[in-house]
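What follows is a set of notes on a single structure, which appears directly below.
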Amino acid sequence: KAKAFQDEESYNEFKWLDLSKVKIAHFPECSTVNRFHIGSYIEGIQEAWQDLYRWGNARNLIGKSPLIFGVPKSNPYITPPEKSRYECRLAVENQNDAEGEELYLFRGSKHVVYEFDEPVDYRERGKLIECYSELYSYWLPKSGYRYLGNPIELVEMISLKGTLDIGCSIKAIALAIGPN
(Lines of atoms letter the chains of each structure in order from A and count residues from 1; the text may use other names and numbers.)
(Lines give C-alpha, C1' and ligand atoms only; values in the text may rest on other atoms or scores of the structure.)
Protein backbone atom coordinates (compact mmCIF):
# COMPACT_ATOMS: atom_id res chain seq x y z
CA LYS A 1 0.00 0.00 0.00
CA ALA A 2 2.85 2.41 0.76
CA LYS A 3 4.33 1.72 -2.67
CA ALA A 4 1.06 2.55 -4.42
CA PHE A 5 0.85 5.82 -2.49
CA GLN A 6 4.47 6.60 -3.34
CA ASP A 7 3.86 5.89 -7.05
CA GLU A 8 0.79 8.13 -7.05
CA GLU A 9 2.71 10.95 -5.43
CA SER A 10 5.56 10.71 -7.95
CA TYR A 11 3.17 10.89 -10.92
CA ASN A 12 2.96 14.57 -11.69
CA GLU A 13 3.38 14.86 -15.45
CA PHE A 14 0.60 14.41 -17.97
CA LYS A 15 1.79 12.72 -21.10
CA TRP A 16 -1.40 13.14 -23.14
CA LEU A 17 -3.83 15.47 -21.38
CA ASP A 18 -3.66 19.24 -21.19
CA LEU A 19 -5.63 19.96 -18.00
CA SER A 20 -6.67 23.39 -19.29
CA LYS A 21 -8.80 21.54 -21.89
CA VAL A 22 -10.68 19.35 -19.40
CA LYS A 23 -14.24 20.63 -19.12
CA ILE A 24 -17.47 19.64 -17.42
CA ALA A 25 -20.53 19.45 -19.69
CA HIS A 26 -24.08 18.14 -19.45
CA PHE A 27 -25.26 15.86 -22.23
CA PRO A 28 -29.07 15.69 -22.46
CA GLU A 29 -31.13 12.53 -22.40
CA CYS A 30 -31.96 11.44 -25.93
CA SER A 31 -33.04 8.55 -28.11
CA THR A 32 -30.45 7.05 -30.43
CA VAL A 33 -30.31 4.77 -33.44
CA ASN A 34 -27.42 2.36 -32.91
CA ARG A 35 -25.08 0.13 -34.82
CA PHE A 36 -23.05 -2.46 -32.96
CA HIS A 37 -19.54 -3.75 -33.48
CA ILE A 38 -17.92 -6.78 -31.86
CA GLY A 39 -14.19 -7.08 -32.39
CA SER A 40 -11.08 -4.97 -32.32
CA TYR A 41 -11.40 -1.31 -31.38
CA ILE A 42 -8.76 -0.57 -34.02
CA GLU A 43 -10.38 -2.20 -37.05
CA GLY A 44 -13.97 -2.66 -38.13
CA ILE A 45 -15.67 0.12 -36.18
CA GLN A 46 -15.44 2.41 -39.21
CA GLU A 47 -17.72 0.04 -41.17
CA ALA A 48 -20.39 0.28 -38.45
CA TRP A 49 -20.09 4.08 -38.57
CA GLN A 50 -20.38 4.04 -42.37
CA ASP A 51 -23.60 2.02 -42.14
CA LEU A 52 -25.06 4.42 -39.56
CA TYR A 53 -23.86 7.47 -41.52
CA ARG A 54 -25.49 6.25 -44.74
CA TRP A 55 -28.74 5.51 -42.92
CA GLY A 56 -28.77 8.92 -41.20
CA ASN A 57 -27.55 10.90 -44.21
CA ALA A 58 -30.28 9.44 -46.46
CA ARG A 59 -32.81 10.85 -43.96
CA ASN A 60 -31.03 14.21 -43.48
CA LEU A 61 -30.31 13.39 -39.84
CA ILE A 62 -26.51 13.75 -39.69
CA GLY A 63 -26.49 17.55 -39.68
CA LYS A 64 -29.54 17.73 -37.39
CA SER A 65 -28.31 15.25 -34.79
CA PRO A 66 -27.57 16.85 -31.43
CA LEU A 67 -25.11 14.07 -30.56
CA ILE A 68 -23.07 11.48 -32.50
CA PHE A 69 -21.01 9.28 -30.22
CA GLY A 70 -19.44 5.89 -29.69
CA VAL A 71 -19.46 3.81 -26.53
CA PRO A 72 -16.60 1.39 -25.90
CA LYS A 73 -18.26 -1.26 -23.72
CA SER A 74 -15.21 -3.42 -22.92
CA ASN A 75 -12.03 -2.76 -21.00
CA PRO A 76 -9.17 -3.38 -23.46
CA TYR A 77 -6.86 -4.40 -20.59
CA ILE A 78 -8.99 -7.45 -19.77
CA THR A 79 -11.16 -8.18 -22.82
CA PRO A 80 -9.60 -9.92 -25.83
CA PRO A 81 -9.90 -7.71 -28.95
CA GLU A 82 -12.15 -10.19 -30.75
CA LYS A 83 -14.70 -9.96 -27.90
CA SER A 84 -14.66 -6.16 -27.45
CA ARG A 85 -18.03 -4.46 -27.88
CA TYR A 86 -18.63 -0.96 -29.28
CA GLU A 87 -21.83 0.99 -29.89
CA CYS A 88 -22.10 3.64 -32.62
CA ARG A 89 -24.93 6.01 -31.66
CA LEU A 90 -26.77 8.74 -33.56
CA ALA A 91 -29.17 10.86 -31.51
CA VAL A 92 -32.53 11.61 -33.16
CA GLU A 93 -34.67 14.55 -32.15
CA ASN A 94 -38.02 12.83 -32.58
CA GLN A 95 -39.07 9.21 -32.70
CA ASN A 96 -40.59 9.50 -36.19
CA ASP A 97 -37.07 10.07 -37.55
CA ALA A 98 -36.16 6.49 -36.64
CA GLU A 99 -38.38 5.07 -39.43
CA GLY A 100 -38.75 1.62 -37.93
CA GLU A 101 -35.26 1.41 -36.41
CA GLU A 102 -35.12 0.38 -32.77
CA LEU A 103 -34.45 3.36 -30.50
CA TYR A 104 -32.15 3.19 -27.49
CA LEU A 105 -32.15 5.55 -24.53
CA PHE A 106 -29.07 7.58 -23.67
CA ARG A 107 -29.74 8.79 -20.14
CA GLY A 108 -27.60 11.88 -20.39
CA SER A 109 -25.78 13.35 -17.41
CA LYS A 110 -22.86 15.46 -16.36
CA HIS A 111 -19.61 14.43 -18.10
CA VAL A 112 -15.97 15.36 -17.89
CA VAL A 113 -14.90 16.05 -21.48
CA TYR A 114 -11.48 16.21 -23.08
CA GLU A 115 -11.45 17.57 -26.65
CA PHE A 116 -8.43 16.80 -28.81
CA ASP A 117 -6.65 19.50 -30.84
CA GLU A 118 -6.93 17.22 -33.85
CA PRO A 119 -9.43 14.33 -34.09
CA VAL A 120 -7.88 10.96 -33.23
CA ASP A 121 -8.11 8.04 -35.64
CA TYR A 122 -9.48 4.74 -34.34
CA ARG A 123 -6.14 3.13 -35.22
CA GLU A 124 -4.57 5.32 -32.50
CA ARG A 125 -6.38 3.41 -29.72
CA GLY A 126 -3.20 3.41 -27.63
CA LYS A 127 -3.33 7.20 -27.37
CA LEU A 128 -7.01 7.06 -26.40
CA ILE A 129 -6.31 4.44 -23.74
CA GLU A 130 -3.57 6.64 -22.27
CA CYS A 131 -5.91 9.63 -22.18
CA TYR A 132 -8.61 7.57 -20.47
CA SER A 133 -6.03 6.30 -18.00
CA GLU A 134 -5.01 9.84 -17.08
CA LEU A 135 -8.63 10.91 -16.62
CA TYR A 136 -9.46 7.85 -14.49
CA SER A 137 -6.21 7.64 -12.55
CA TYR A 138 -5.22 11.22 -11.97
CA TRP A 139 -7.95 13.76 -12.77
CA LEU A 140 -10.91 11.83 -11.36
CA PRO A 141 -9.55 11.07 -7.85
CA LYS A 142 -8.59 14.71 -7.33
CA SER A 143 -11.75 16.21 -8.87
CA GLY A 144 -14.36 15.40 -6.23
CA TYR A 145 -16.26 13.30 -8.79
CA ARG A 146 -16.62 9.58 -9.47
CA TYR A 147 -17.34 7.94 -12.79
CA LEU A 148 -20.82 6.52 -13.37
CA GLY A 149 -20.46 4.27 -16.41
CA ASN A 150 -18.86 3.58 -19.74
CA PRO A 151 -16.95 6.40 -21.41
CA ILE A 152 -18.25 7.95 -24.60
CA GLU A 153 -16.35 9.14 -27.64
CA LEU A 154 -17.66 12.15 -29.57
CA VAL A 155 -17.23 11.28 -33.22
CA GLU A 156 -16.63 13.35 -36.33
CA MET A 157 -17.79 11.86 -39.62
CA ILE A 158 -16.85 13.37 -42.96
CA SER A 159 -17.62 12.29 -46.47
CA LEU A 160 -14.39 11.48 -48.32
CA LYS A 161 -14.27 13.35 -51.63
CA GLY A 162 -14.31 11.20 -54.72
CA THR A 163 -15.51 8.11 -52.83
CA LEU A 164 -18.64 6.74 -51.24
CA ASP A 165 -16.75 6.21 -47.98
CA ILE A 166 -16.70 8.31 -44.86
CA GLY A 167 -13.87 9.07 -42.53
CA CYS A 168 -14.58 8.90 -38.84
CA SER A 169 -12.41 9.93 -35.95
CA ILE A 170 -12.76 10.80 -32.29
CA LYS A 171 -12.85 14.51 -31.53
CA ALA A 172 -13.35 14.17 -27.76
CA ILE A 173 -13.65 11.60 -24.99
CA ALA A 174 -16.01 11.92 -22.04
CA LEU A 175 -16.81 10.14 -18.77
CA ALA A 176 -20.19 10.29 -17.05
CA ILE A 177 -19.57 11.68 -13.55
CA GLY A 178 -21.36 12.39 -10.29
CA PRO A 179 -20.35 13.73 -6.89
CA ASN A 180 -17.92 11.54 -5.00
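Okay, so the sequence shown: first residue is 62 according to the numbering used here, each after it adds one. Glycine is no exception: its CB is placed at the ideal position from the N, C-alpha and C atoms. All values reported here derive from a predicted model rather than from experimental measurement.
Judged by DSSP in its simplified three-state form, R184 adopts helix. Under DSSP, the beta-bridge partners assigned to G228 are I219. Membership of R115 in the alpha helix (DSSP H) is indicated by the continuous run I106 to A119. With fewer than 16 other CB atoms across the displayed protein chains lying within 10 angstroms of its CB, S220 is exposed.
Contact between the stretch 197 to 205 and the stretch 146 to 162 is not established, with fewer than three Cβ pairs separated by less than 8 Å.
Under the three-state reduction of DSSP output, Y165 falls in the strand class. In the structure shown, E160 falls within a coil segment according to DSSP collapsed to helix, strand and coil. Here Q156 is exposed. Its C-beta has fewer than 16 other C-beta atoms within 10 Å.
Contact annotation: Y183 and Q107 have beta-carbon atoms nearer than 8 Å. Boundaries cannot be given for P137, as no alpha helix (DSSP H) includes it and DSSP labels it neither H nor E. Distance from the CA atom of A109 to the CA atom of L209, rounded to whole angstroms, is 26 Å. Apart from sequence neighbours up to five positions away, the residues of its chain that approach I190 with a beta-carbon distance below 7 Å are P137, ordered along the chain.
Residue range C91 to I99 is occupied by the beta strand (DSSP E) that includes S92. Sixteen is the threshold: when 16 or more other Cβ atoms of the shown chains lie within 10 Å of the Cβ of A152, as they do, the residue is buried. With a threshold of 16 other beta carbon atoms within 10 Å, P89 falls short and is exposed. Taking Y175 as the centre and dropping the five residues before and after it, the same chain places the C-beta of L78, K82, V83, C192, L196, A233 and I234 closer than 7 Å to its C-beta, in chain order. Distance from the CA of V173 to the CA of E214, rounded to the nearest whole angstrom, comes to 12 Å.
By the Cβ neighbour-count rule, R115 is exposed, with fewer than 16 other Cβ atoms within 10 Å of its own.
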